[in-house]
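See below for the structure under consideration.
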């Protein structure tokens with residue numbers, strides 16, 4: 001059922017307030033804030049990539065505070081074990097005797113910050129990513145559901161790669177977005193210096209609560225996705241595969257159907273953030289890069305040419321037109 | 001709102017589909033025009049004019065159109081495609097495509113939209129070249145591949161001779177009418193042959209046989225009347241000279257008898273006239289009657305002579321330049337470019353004059369023929385000589401000064417050497 005105009009307007013007002021609150025945490029990172037909110041509404045996990053000190057942790061803390069959700073932080077290291085993430089059974093003395101009691105790990109929070117996820121061993125990464133996908137943890141044959149909503153915001157450092165374990169493509173596919181945290185410009189830095197103090201977290205108002213977040217997620221799923229946009233998403237994802245488009249010559253492996261689902265869900269969330277009843281082509285175009293960049297495996301020729309996945313996605317968006325049938329060579333866009 | 005957007009979408013779709021038609025039609029039309037032009041030239045070369053080339057031109061224009069329509073159909077730009085482009089370029093954020101699905105209200109009209117422009121530089125040459133090729137196919141001069149049909153003016157010369165002879169013999173009868181009719185029939189049969197066979201070997205043989213037969217029959221008829229006419233003339237000349245004329249009268253009787261005997265070779269009227277004569281009474285006829293008979297015979301003989309020579313009368317058309325060949329009649333040779341072009345001269349054997357290759361000579365060949373006469377040095381003759389005598393002293397050595405110098409010069413030399 002398509003949401004009503006009033007529902008959309010009310011949601012937009014709340015989301016605008018959320019965005020304003022987070023913009024007080026991160027100055028000059030409007031796109032990053034908007035995409036993070038989109039990921040929350042779409043129920044997806046986010047992989048943040050950026051240099052240390054750019055505000056990734058602050059973003060997660062501020063988001064948890066504004067949403068009124070519980071938050072945990074895990075600093076990934078090579079010696080971190082899966083049980084350190086998921087939780088361990090503990091032997092407990094009771095009047096009736098000894099028994100194992102499951103002690104939940106840091107995953108049991110609404111918002112989990114997995115800091116420097118690529119420093120953990122593949123075994124630990126796998127445990128985290130399984131929880132991200134299944135939204136429950138199984139220990140000693142017993143499943144423990146994770147709280148709802150459950151978001152993971154993982155970070156990784158593009159430098160200091162020695163001793164790291166890069167995430168395999170199959171695990172990267174679990175993340176809805178891969179967002180690049182960029183360095184702030186001079187104006188943003190001036191704002192930071194003016195409004196922040198070293199060692200003190202900023203004050204963030206509580207904008208939503210857990211129930212409202214769940215309701216907004218449900219509302220997001222009711223946003224209308226027009227058939228033309230569905231076909232556009234399908235053609236865009238199909239065009240990432242070699243031989244399916246001119247740009248895909250530089251691609252070795254294209255995006256999975258999960259990428260198409262991610263684009264559709266993220267498009268709905270963006271439409272809701274912007275107060276619309278339906279998803280538009282611009283939503284898909286705007287979200288194509290964060291959805292697709294970590295899902296493409298480029299050919300060695302692209303690496304030799306110095307082309308990054310973001311360049312390939314930008315070329316794909318330029319190549320694939322919104323309409324299904326292309327223009328003839330006798331007609332060009334002025 | 002709906003009407004506004006659907007009208008804009010339809011206009012956009014029409015423009016894009018027209019672009020597809022142009023893009024796909026240009027190479028197809030160009031290719032079809034090329035093939036069509038080649039076919040038109042081929043048909044013209046085969047001598048087919050009129051509906052056949054017109055049909056080719058029609059096909060060269062219609063078939064590419066159908067082919068283009070078939071090729072463009074899977075690429076056709078629908079209203080949904082146009083609405084999607086309008087939605088994306090007008091910044092409507094999916095409102096237009098959602099409204100088209102009935103999932104929302106139609107958005108208000110906005111300015112802007114897809115800014116499309118034509119890029120026709122690649123297709124215009126094809127559309128211009130196609131009619132130019134077809135028109136050029138009709139204008140370019142081509143030779144005819146069909147055998148050169150003999151024109152009525154280019155008939156075998158022998159036919160003209162036979163016709164002239166028949167005309168002469170009809171005006172001045174000499175041979176039986178049955179013979180004339182038979183020759184006419186045979187000539188008509190020859191004319192009914194296909195024109196390309198007129199100058200063939202068999203056609204020429206048949207015409208020559210007819211002409212020889214006509215000449216032979218006419219000569220026989222001439223021989224029948226000629227002696228009698230000459231006898232009448234001699235007899236009249238003898239009487240005019242005051243001679244006895246008995247010998248001429250006997251000769252006249254004999255000639256008349258021979259003419260009556262050969263009357264079957266003559267025209268029926270002439271033969272009847274001769275049959276009424278009594279050779280014995282002929283010398284005794286009035287001179288005027290004999291003169292009239294002689295004139296009539298002379299006219300018949302002249303007719304035969306003219307018929308055998310096939311002398312056309314004054315003012316009749318003469319054959320044009322050249323008397324033709326067995327493959328071509330008299331008259332001006334028809335100009336055909338392809339005949340000379342296709343002739344590569346492989347059936348000729350040329351030899352450089354003056355270059356003798358003894359290896360090619362066969363026994364008995366004339367290798368060399370000189371037209372020069374032996375050179376005779378006439379100055380070498382010094383007159384009659386006696387045996388053993390030296391006619392002169394020579395030209396060198398001591399002879400010079402002993403025989404040719406004067407005595408005073410000899411004395412000077414002698415003194416010097418001594």
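Protein chains in written order, with my numbering: chain G, 1 to 334; chain A, 1 to 418.
Even for Gly, the Cβ is constructed at its ideal location relative to N, Cα and C.
- Query: For residue 178 of chain G, which residues does DSSP report across the bridge?
  - Reply: Looking at the DSSP output, residue 178 of chain G shares a beta bridge with G/47.
- Task: Could you pull out every residue in the same chain whose Cβ sits closer than 7 Å to the Cβ of residue 317 of chain A, ignoring the five residues on either side in sequence?
- Result: Low confidence applies to residue 317 of chain A: its pLDDT is 46, below 50, so where it sits in the model is not reliable enough to give any reading.
- Message: the ligand FMN and residue 410 of chain A: does the residue's C-beta get closer than 7 Å to at least one heavy atom of that ligand?
- Response: Absence of the ligand FMN is noted for the structure shown, with no ligands found whatsoever.
- Item | Cβ neighbours of residue 262 of chain G in the same chain (closer than 7 Å, five flanking residues each side left out) | 44, 176, 291
- Beta carbon of residue 256 of chain G, beta carbon of residue 173 of chain G: below 8 Å? With a cutoff of 8 Å on beta-carbon distance, residue 256 of chain G and residue 173 of chain G are scored as near each other.
- Item | Paired residues, beta bridge with residue 112 of chain G - DSSP | G/72, G/152
- Task: Apply the 10 Å Cβ neighbour rule to residue 245 of chain G and answer buried if 16 or more other Cβ atoms are within range, or exposed otherwise.
- Result: buried
- Item | Bounding residues of the beta strand (DSSP E) (the contiguous stretch that carries residue 352 of chain G) | In the structure as shown, chain G starts at 1 and stops at 334, and residue 352 of chain G therefore has no counterpart that could be examined.
- Task: Quick one: using the 10 Å Cβ neighbour count with 16 as the cut-off for buried, is residue 199 of chain A buried or exposed?
- Result: buried
- Item | DSSP state of residue 106 of chain A mapped onto helix, strand, coil | coil
- Query: Who are the near neighbours of residue 17 of chain A in its chain, counting only those whose CB is closer than 8 Å to its CB and skipping five residues on each side?
  - Reply: 72, 76, 77
- Measure from the alpha carbon of residue 123 of chain A to the alpha carbon of each residue in A/309, A/310, A/23, then state which is nearest. A/23
- Residue range of the unbroken beta strand (DSSP E) whose run includes residue 144 of chain G: 142-145
- Message: Looking only at its chain, what residues have a beta carbon closer than 7 Å to the beta carbon of residue 312 of chain A, apart from the 5 residues adjacent to it on each side?
- Response: Only weak support exists for where residue 312 of chain A lies, its pLDDT of 49 falling under 50; the value from the coordinates is given anyway. Taken in chain order, the residues that qualify are 164.
- Query: Do residue 328 of chain G and residue 31 of chain A have their CB atoms nearer than 8 Å?
  - Reply: Cβ atoms of residue 328 of chain G and residue 31 of chain A: not closer than 8 Å.
- Which value, in whole angstroms, describes the spacing of the CA atoms of residue 201 of chain A and residue 190 of chain A? 13 Å
- Does residue 93 of chain A get closer than 8 Å to chain G when you measure Cβ to Cβ? Chain G, which has a Cβ nearer than 8 Å to the Cβ of residue 93 of chain A, makes this yes.
- Item | Delimiting residues of the alpha helix (DSSP H) encompassing residue 232 of chain G | 227-238
- Query: Terminal residues of the continuous alpha helix (DSSP H) containing residue 88 of chain G?
  - Reply: Per DSSP, residue 88 of chain G belongs to no alpha helix (DSSP H); it is in the beta strand (DSSP E), 87-94.
- Does residue 138 of chain G get closer than 8 Å to chain A when you measure Cβ to Cβ? no
- Query: What runs of the alpha helix (DSSP H), each 4 residues or longer, lie entirely inside the segment 175-235 of chain A?
  - Reply: 177-191, 195-198
- Query: Which residues, in order along the segment 49-66 of chain A, keep a beta-carbon less than 9 Å from a beta-carbon of chain G?
  - Reply: none
- Task: Could you check the C-alpha separation between residue 137 of chain A and residue 37 of chain A for me, to the nearest Å?
- Result: 5 Å
- Item | Residues that residue 332 of chain G bridges to, as DSSP identifies them | According to DSSP, which records beta bridges pairwise, residue 332 of chain G is partnered with A/117.
- Item | Distance CB(residue 270 of chain G)-CB(residue 38 of chain G) smaller than 8 Å | yes
- Which residues in the same chain have their Cβ closer than 7 Å to the Cβ of residue 220 of chain G, if we skip the five residues on either side of it in sequence? Result list for residue 220 of chain G: 41, 42, 268, 269, 272, in chain order.
- Query: Once you ignore the five residues that flank residue 283 of chain A on each side, which residues in its own chain have a CB closer than 6 Å to its CB?
  - Reply: Answer for residue 283 of chain A: 249, 252, listed in chain order.
- Item | Where residue 2 of chain G meets chain A, residues with beta-carbon distance less than 8 Å | 103, 104
- Query: Can a CB atom of chain G be found closer than 8 Å to the CB of residue 80 of chain A?
  - Reply: yes
- Do the CB positions of residue 49 of chain G and residue 156 of chain G come within less than 8 Å of each other? yes
- Item | Nonlocal neighbours in the same chain, by C-beta distance under 8 Å from residue 216 of chain G, ignoring five residues either side | 11, 14, 15, 41, 208, 272
- Query: Using the beta-carbon of each residue, which ones in chain G are nearer than 7 Å to residue 22 of chain A?
  - Reply: Below the 7 Å Cβ cutoff, chain G contributes 330 as neighbours of residue 22 of chain A, in chain order.
- By how many angstroms is the C-alpha of residue 263 of chain A removed from the C-alpha of residue 230 of chain A? Each residue's Cα considered, the two are about 17 Å apart.
- Query: If you count every other CB in all the chains shown that lies within 10 Å of the CB of residue 168 of chain A, and 16 or more means buried, which is it?
  - Reply: With 16 or more other Cβ atoms within 10 Å, it is buried.
- Which residues, in chain order, does the segment 113-129 of chain A contribute to contact with chain G at a C-beta distance below 8 Å? Per Cβ criterion, the list reads 114, 115, 116, 117, 118, 119, 120, 122, 123.
- Message: Mapping the DSSP letters down to three states, classify residue 279 of chain G as helix, strand or coil.
- Response: Reduced to three states, the DSSP call for residue 279 of chain G is coil.
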